[in-house]
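Below: one structure, written as C-alpha cells.
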Amino acid sequence: MQKGIFEVHTLTPLFLSGADQSTAELRTPPVRGVLRYWQRALLGGIVGTDASGLAIVQQAERDLFGAGDQSSALTIKLAHSSPPSYAFNDRISTRQGTQWQTTGTGYLLWSMAQSGKAERGNFKPARHYFPPGTRFQVTLAVRNGNSKQLQQAIALLWLLTHLGGLGSRSRRCAGSLVAHPVTPISDLPFNPPDQASDLKYQLEYGISFARSLYDVAHRTPHDANFDTLARDTCRMWILQDKQPWPTSEAALQTIGKRLQDYRYSLHISQRKIFGLPLPPLSQQRRPSPLLLRIAVLRDNSYVGIAVLFKTHARDVRYEDYVIIEQWIPTFSGALEVMI
8 MQKGIFEVHT LTPLFLSGAD QSTAELRTPP VRGVLRYWQR ALLGGIVGTD
58 ASGLAIVQQA ERDLFGAGDQ SSALTIKLAH SSPPSYAFND RISTRQGTQW
108 QTTGTGYLLW SMAQSGKAER GNFKPARHYF PPGTRFQVTL AVRNGNSKQL
158 QQAIALLWLL THLGGLGSRS RRCAGSLVAH PVTPISDLPF NPPDQASDLK
208 YQLEYGISFA RSLYDVAHRT PHDANFDTLA RDTCRMWILQ DKQPWPTSEA
258 ALQTIGKRLQ DYRYSLHISQ RKIFGLPLPP LSQQRRPSPL LLRIAVLRDN
308 SYVGIAVLFK THARDVRYED YVIIEQWIPT FSGALEVMI
C-alpha cells in the first residue's frame, strides 16, 4: 500500500469535535470531508459545474473516496499523543470608555465563546480547541497501489494546508494548518517560503501542479454552481501590510479588526454578501464565500490568505462580490495570486 506521511501542526486555534461539542477531538471524518471539498473545488475549476462537468467531478470523487456501493480507495489515519485542549475563554471584547468593543480575534471566533444564560434556556458553553503548535501526524494511503491517486490525495492535503482550514470557524482563520512530508513523496512545495512574493509563486505553482494530476479536458467555467478554483469564479490574495505580522495572534487581530470595521461601514443590505444569517435582514443560512487563513513564512512571520469564491447563489448577484473585493486594499501590502 503506497502512502504519504505528514507531520502537521496548527497555526491558529483548531475547533474540532465529535458528537460531544463540549470536548475537542482530533478525528478522521472531518479531514476526509474537507479533502473532498477541495477535490470538488479543484476539479470543478477544470471541467466546470454544469451537468457534464458535475458528472466528471462525481466520478472522480467516487474513485478516490468511494460511495454507498463502492469502497474508498483512500485511507486516512491520524496519529497523536492526546494533545491538550482548552476552553475558549479568551476575552472577545474590551471596554473602551462606556462601551464594549469586540477584538479582532473575537470578531473572527465569537461563536466559539460561552454565550447565553441558563435561566433563559439559551446557555452555550465555550467550545474547546487545540492551541497553536499542536502537532499530529496524517497518513494518506491508497489500497490499490495507484500512485496517481495517492498524488491526487496529497495535492488535496496541500490545498487544505495552503488555502483553507479545518474545523469550526475555518473560514475565519481558525484551524489553519502547516504540513511537512516525513519523506520526499511529492513535487508540491510544502516548505514555508521566504517572503510573501515567494508564497504567491508557491500557491500559483501548487494549484497548477494539482490540476495537472487529472487527465480530463479543460473547460474552464465562467460561472459556478459550487466553489471552484478557476480564474472567473475565484480570486485569491495574500494579506499583509508593509511587512508580515510578527505573530499569528497579531495577524488574527489585524485581519479580524479590518473585517469588522469594513463590514460595519457598509449598509446592512450590503453585508449579506459575507454570509447569512444576518438578523434582522435574514434568518436563512448561507456560508461566507470568503475563506480566510493564516500562513507562516520561513522566518516565523505571518500573513493572511483570502480566497473569494464567486459561486452562484439564489440571493447573490455576481457584481455583489465586488463588495468583498473592495475590502482587500485595506491591506497596504496585499498581493493577488493568479489562478
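Numbering (my numbering), first residue to last: 8 to 346.
All residues carry an ideal CB built from backbone N, CA and C; glycine is no exception.
Asked, Found
"Contacting residues, own chain, Cβ-Cβ under 8 Å from Asp248 (five flanking each side not counted)", "Thr261, Phe338, Ser339 and Gly340"
"Cβ contact (3+ pairs, closer than 8 Å) linking the stretch 198-209 and the stretch 33-49", "no"
"Cβ contact check for the stretch 16-24 and the stretch 178-188: 3 or more pairs under 8 Å", "yes"
"contact_flag[the stretch 40-60, the stretch 156-165] where n(CB pairs < 8 Å) is 3 or more", "yes"
"Whole-angstrom distance between Leu259 and Ile99, CA atom to CA atom", "12 Å"
"Glu68 in three-state terms, based on DSSP", "helix"
"Which listed residue (Arg150, Thr141, Tyr221 and Ala217) has its alpha carbon closest to that of Leu184", "Thr141"
"Alpha-carbon to alpha-carbon, His135 and Leu95", "Looking at the sequence itself, residue 95 is Phe, so the reference to Leu does not match. About 6 Å."
"Option in Trp117, Val145, Pro138 and Phe143 with minimal Cα separation from Pro132", "Trp117"
"Span of the alpha helix (DSSP H) around Phe216", "Ala203 to Arg218"
"Leu184 - DSSP class collapsed to helix/strand/coil", "strand"
"Pro188 versus Ile83 - alpha carbon distance", "15 Å"
"Any 3 or more C-beta pairs closer than 8 Å across the stretch 147-161 and the stretch 75-92", "yes"
"Rounded distance between the beta-carbons of Pro296 and Leu315, thought under 8 Å", "6 Å"
"Identity of the residues DSSP links to Thr30 by a beta bridge", "For Thr30, which the question treats as bridged, DSSP gives no partner whatsoever."
"Coil, strand or helix - Ile301 by DSSP", "strand"
"Assigned exposure category for Lys124 - 16 Cβ within 10 Å defines buried", "exposed"
"Nearest residue (CA-CA) to Ala160, options Tyr325, Arg270, Tyr221 and Thr190", "Tyr221"
"Exposed unless 16 or more other CB atoms sit within 10 angstroms - verdict on Arg102", "exposed"
"Paired residues, beta bridge with Tyr114 - DSSP", "Answer is none; Tyr114 lacks a bridge partner."
"For Ile312, the residue or residues it bridges with in DSSP", "Ile245 and Arg300"
"Secondary structure of Val41, DSSP reduced to three states", "helix"
"8 Å contact criterion, which Leu298 and Gly113 should meet: CB distance rounded", "About 20 Å separates the two Cβ atoms, so there is no contact after all."
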